[in-house]
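Shown next, in structure tokens, is the structure this report addresses.
There are 2 protein chains.
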Amino acid sequence: MSARTLHLNLFVYPGGHHEAAWRYHGTDPDRLLDIGFYQDLARRAEAAAFDAVFFADGPSLADNVRYASRFRLEPFTWLSAVAAATERIGLIATASTTYTEPYNLARLFASLDHLSRGRAGWNIVTTGAPQAAGNFGLDEHPVHAERYDRAREFVEVVTRLWDSWEDEALVADQKSGVFADTDRIHEIGHSGRHLRVRGPLNLPRSPQGRPVYVQAGSSEDGRSFAAAHAEAVFTAHQTLRGGQDFYADLKARAAALGRDPGRLLVLPGISPFIGSTEAEARALHAEFDELTQPEYSLQLLRRLLGLDLTADQLDGPVPRRLIETEGERGNGSRFRLVLDIIDREQPTVRGLMHRLAGARGHRVVAGTPEQVADQIQEWFEQGAADGFNVMPPWLPGGFDLFADQVVPILRARGLFRTAYDATTLRGHYGLPRPAASPALR
Amino acid sequence: MSARTLHLNLFVYPGGHHEAAWRYHGTDPDRLLDIGFYQDLARRAEAAAFDAVFFADGPSLADNVRYASRFRLEPFTWLSAVAAATERIGLIATASTTYTEPYNLARLFASLDHLSRGRAGWNIVTTGAPQAAGNFGLDEHPVHAERYDRAREFVEVVTRLWDSWEDEALVADQKSGVFADTDRIHEIGHSGRHLRVRGPLNLPRSPQGRPVYVQAGSSEDGRSFAAAHAEAVFTAHQTLRGGQDFYADLKARAAALGRDPGRLLVLPGISPFIGSTEAEARALHAEFDELTQPEYSLQLLRRLLGLDLTADQLDGPVPRRLIETEGERGNGSRFRLVLDIIDREQPTVRGLMHRLAGARGHRVVAGTPEQVADQIQEWFEQGAADGFNVMPPWLPGGFDLFADQVVPILRARGLFRTAYDATTLRGHYGLPRPAASPALR
Ligand SMILES: Cc1cc2nc3c(=O)[nH]c(=O)nc-3n(C[C@H](O)[C@H](O)[C@H](O)COP(=O)(O)O)c2cc1C
Ligand SMILES: Cc1cc2nc3c(=O)[nH]c(=O)nc-3n(C[C@H](O)[C@H](O)[C@H](O)COP(=O)(O)O)c2cc1C
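Next comes the structure, spelled out in structure tokens:
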């Protein structure tokens, strides 16, 4: 087995990642709110020795929930129940630095890490959907740069909270009567531009010290944030070249900050349609696309590109010149990615719709198990990925195909573990447990 | 079996409720952060057909953690993992209306209710400990009246969020392609003195519609809040007379607001030391008191009464005239309760220390299983309680004694169920599932 091996997460989404997944006959729409469904899914991923399950999140309701399973399972509660049903697999929760209080967030992660015995990861986002603002008393979603400014301060604060109990602070010596060595518990006394937090946290340091820091924004601000703070990065790329550029850029930025680039894993999304022949895989993909609804996609294009189109424009070209490329929207990496598709492929509106239906801009591959494994190996060996965020088109069937047919090939090629050799998410990712940062004096 | 029967919760506290519980030889201090310990405890309570397990909470670290197990397990993560290990028992999480965002809190409870299939309860508190303020960017803990003012608005907002999806809004019809009937999902458009929240929630209405509303403040403001909003009230009383007065007052307030007083359960705390003889029970209690540490109690008196005493004053009388009875402190019901003990019993400082060590002001009883059952029956039949929040001095042993020895007596007397006849916390408490309040037009 080669020294460097793949990291694989299962990105969980109610129903699956294709926007019409919930309509597919292999999906049971009655189980989308059933925790047993997600526990079972995590057990399957654990049986395949996946590094982690990952839950996305946002504190608002998507405007196109009429046509797709776009409600939001709350990640902390959901993953805590998943933790109780599993032993080894990592648990990555998305949480916003824009719409949470750092003290509350630090507690949720420390507790998740304690109860899972060291399996928590934090996908740090600034929240993409602007409609969240209205749920938190704001007139406007803070602009991109401002969100990242708060994010930087936020990460500093929660890091200090997680480190506010030294590892040796919990004594619990029945004889002497010392429960905690309060000389080893420290206020953090933070006072900054966005936040003021005294601390200390009200919980001993957790098994991993801190959850694994994951980041999922690929804009300029997002990259520089990731280079400084992230230990794993989720990203979306359509082409090997795009993936390589991003990978090289991010590793270089981390190195320039004095970090070991090997401790910053780049994990693009991949949504695989698997068939016993390539034709069968493509037919399966087409079957999903036929279940899509134009109203859903038109709303997506409105939100993503600011394009206000109607159903009778579906078979015309995408009106490129109506897309607003400046300002807030232009900062987003997902926006840039869609713009690249339009410029490269010149699709019709319907073509673009189908292009995005699979995984909202993430790479969709359709092929035999060998072909899918080849794609994965190529990106992994050609400097575009340290592993993948696997986004099955539908669940659980789409994951089972991957686990049963692609994973054995990856193993045979020495690219993926056959069993866990660690018990924490840091262990699976090859990351050290961080020492507590020194206390303020 | 008589129509009216007891409701029993297990109030879970790391180690147990006696402040020295963690030092007792029957307690394993290495398991206080082990989720398996709490899952096992909940399974024991479920085997005894208890209504619920209850977790207290506060977003700050207690100043006397040096001497006692006063860290805070985060209730949502912890109870979600407990939910995964149980089937029927209710799960009551304490959460603050002062230090959380209503949108985030509404999601956590809706998710807990979904994943537990209708077992969530919310202990609504305004947060007692003033040091929380520093963890949330505030100079001062908002004053009592202001906290309750926000609490009233907060409950209105989260109620509307929980009702923002009508029960029929989730359609998930694969054929027609309608996932959610957006005509049945409503913005709440709240704009008030403390909060602005647009909604809707990003999750379908939960099995119970809303979590059970529990309240735990007994001050004037607390009572009027409870009369208006609560479905169960946790309270602390030392004497039957005190319990009866509170019970009658609260039921009358609810009736005056046009509510059915039967749908407002009053559940005082009780901390039982159980022995095969009364002398044995008293000896057990004394054994715990011997493990207490003066430094801990002196800090408690400082915080609770504003008294700054030293160890050499332990055997003198409580300096009653130094206690500040006006202002903020004087509003708190726990303060009043301690003042009553001092006035009634004229204890020494050490005596008061031991009086409070058992359960922080809750009633401590020591006796045979029959005597403990008698006490419970007396309060239940004499108009002081609809049930109890059972606070074992140590865990799990102190609970096992209660479940194995007292519960069978209560059953033999027809006072407590032998098995669950419902599947939700509302069901156990005899409360109806609320219809969604009508949407704003
Ligand atoms: C795999 C992946 C998952 C993501 N999940 C979320 C999410 O759950 N919530 C969210 O607000 N943003 C999420 N994002 C990030 C947003 O899509 C968006 O990129 C970000 O909010 C803005 O950052 P950027 O402009 O730096 O890319 C995710 C991104 C990727 C690549
Ligand atoms: C059984 C019980 C449990 C309580 N748990 C909490 C708690 O977990 N967190 C909290 O801030 N207050 C809790 N309280 C309430 C506080 O003790 C205090 O009464 C409240 O914050 C102020 O309300 P009051 O002045 O109306 O009594 C609890 C009260 C009781 C009776």
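Quick note, the sequences are listed as chains A and B, same order.
Residue 1 is where the first sequence starts when you use full-length UniProt numbering, and the numbers rise one by one after that.
Residue 1 is where the second sequence starts when you use full-length UniProt numbering, and the numbers rise one by one after that.
From the three backbone atoms N, C-alpha and C, an ideal C-beta is built for every residue, glycine too.
Check, Outcome
"Return the bridge partner residues of arginine 196 of chain B from the DSSP annotation.", "B:Ser191"
"Does DSSP put glycine 222 of chain B in a helix, a strand or coil?", "helix"
"Closer than 7 angstroms, Cβ to Cβ, to anything on chain A: give me those residues from the stretch 106-129 of chain B, in chain order.", "Arg107, Leu108, Ser111, Leu112, His114 and Leu115"
"If the cut-off is 7 angstroms on Cβ atoms, which residues from the stretch 292-322 of chain A count as contacting chain B, listed in chain order?", "Gln293"
"Bridge partners for tryptophan 78 of chain B per DSSP, in chain order?", "Answer is none; tryptophan 78 of chain B lacks a bridge partner."
"For alanine 436 of chain B, does the three-state DSSP call read helix, strand or coil?", "coil"
"Taking a contact to mean a Cβ-Cβ separation below 8 angstroms, would you say aspartate 51 of chain B touches leucine 8 of chain B in this structure?", "yes"
"What in chain B is Cβ-close to tryptophan 78 of chain A, meaning under 8 angstroms?", "Ser80, Ser111 and Leu115"
"For arginine 363 of chain B, which beta-bridge partners are listed by DSSP?", "B:Ile270"
"To the nearest angstrom, how far is the alpha carbon of isoleucine 89 of chain B from that of alanine 145 of chain A?", "47 angstroms"
"What whole-angstrom Cβ distance do tyrosine 38 of chain B and tryptophan 78 of chain B have, given they're in contact under 8 angstroms?", "6 angstroms"
"Are proline 294 of chain A and arginine 363 of chain A closer than 8 angstroms when you measure CB to CB?", "no"
"Using 8 angstroms as the threshold, is the C-beta distance between glutamate 187 of chain A and arginine 198 of chain A below it?", "yes"
"For ligand 2, is there a heavy atom less than 7 angstroms away from the beta-carbon of phenylalanine 234 of chain B?", "yes"
"If you measure between the beta carbons of glycine 217 of chain B and threonine 277 of chain B, is that distance less than 8 angstroms?", "no"
"I need the straight-line Cα distance from alanine 226 of chain A to valine 266 of chain A, nearest angstrom please.", "10 angstroms"
"Who are the neighbours of valine 197 of chain B on chain A, taking C-beta pairs under 9 angstroms?", "Gly134, Asn135, Phe136 and Gly137"
"For glycine 177 of chain A, return the contacting residues in chain B, with the cut-off set at a CB-CB distance below 7 angstroms.", "Arg23, Tyr67 and Gln293"
"Residues of chain B with CB under 7 angstroms from leucine 425 of chain A, in chain order?", "The premise fails here: leucine 425 of chain A is roughly 16 angstroms from chain B at the closest Cβ pair, so nothing lies under 7 angstroms."
"Verify the contact flag: valine 125 of chain B, CB atom, against every heavy atom of ligand 2, threshold strictly below 7 angstroms.", "yes"
"Taking tyrosine 337 of chain B and glycine 361 of chain B to be in contact with their CB atoms under 8 angstroms, please state how far apart those CB atoms are, rounded to whole angstroms.", "A quick correction: the sequence has leucine, not tyrosine, at residue 337 of chain B. Going by Cβ atoms, the distance from leucine 337 of chain B to glycine 361 of chain B rounds to 5 angstroms, so yes, they are a contact pair."
"Would you say serine 219 of chain B and serine 60 of chain B are within 8 angstroms of each other, going by their C-beta atoms?", "no"
"Could you tell me which chain B residues have their CB closer than 7 angstroms to the CB of glutamine 208 of chain A, listed as they occur along the chain?", "Per Cβ cutoff of 7 angstroms: no residues; glutamine 208 of chain A is ~14 angstroms from chain B at best."
"Which first and last residues belong to the beta strand (DSSP E) in which threonine 235 of chain B is found?", "232-235"
"Using the DSSP secondary-structure output, state which residues sit across from alanine 95 of chain B in a beta bridge.", "B:Ile124"
"Among the candidates B:Phe179, B:Trp22 and B:Ala106, whose CA atom is the shortest distance from the CA of leucine 170 of chain B?", "B:Phe179"
"Please decide whether tyrosine 103 of chain A counts as near chain B, where near means a Cβ-Cβ distance under 8 angstroms.", "yes"
"Using 10 angstroms around the beta-carbon of alanine 47 of chain A, count the other beta-carbons present and answer buried if the total reaches 16, otherwise exposed.", "exposed"
"In chain B, what lies closer than 9 angstroms to glutamine 174 of chain A by C-beta?", "Trp22, Arg23, Tyr24, His25, Thr27, Pro29 and Leu291"
"Can you tell me whether alanine 172 of chain B is helix, strand or coil according to DSSP?", "strand"
"Considering only heavy atoms of ligand 4, does any lie closer than 7 angstroms to the CB of serine 96 of chain A?", "Ligand 4 is not part of this structure, which contains only ligand 1 and ligand 2."
"Determine the contact status of threonine 423 of chain A and histidine 354 of chain A, defining contact as a CB-CB distance below 8 angstroms.", "no"
"Could you have a look at leucine 322 of chain A and say whether DSSP puts it in helix, strand or coil?", "helix"
"Would a C-beta distance cut-off of 8 angstroms place glycine 121 of chain B and valine 12 of chain B closer than the cut-off?", "no"
"Output the boundary residues of the alpha helix (DSSP H) element that contains glycine 398 of chain B.", "397-401"
"Identify every run of the alpha helix (DSSP H) within the stretch 369-432 of chain A, keeping only runs that are complete inside it and at least 4 residues long; order them along the chain.", "369-381, 397-401, 407-412 and 425-429"
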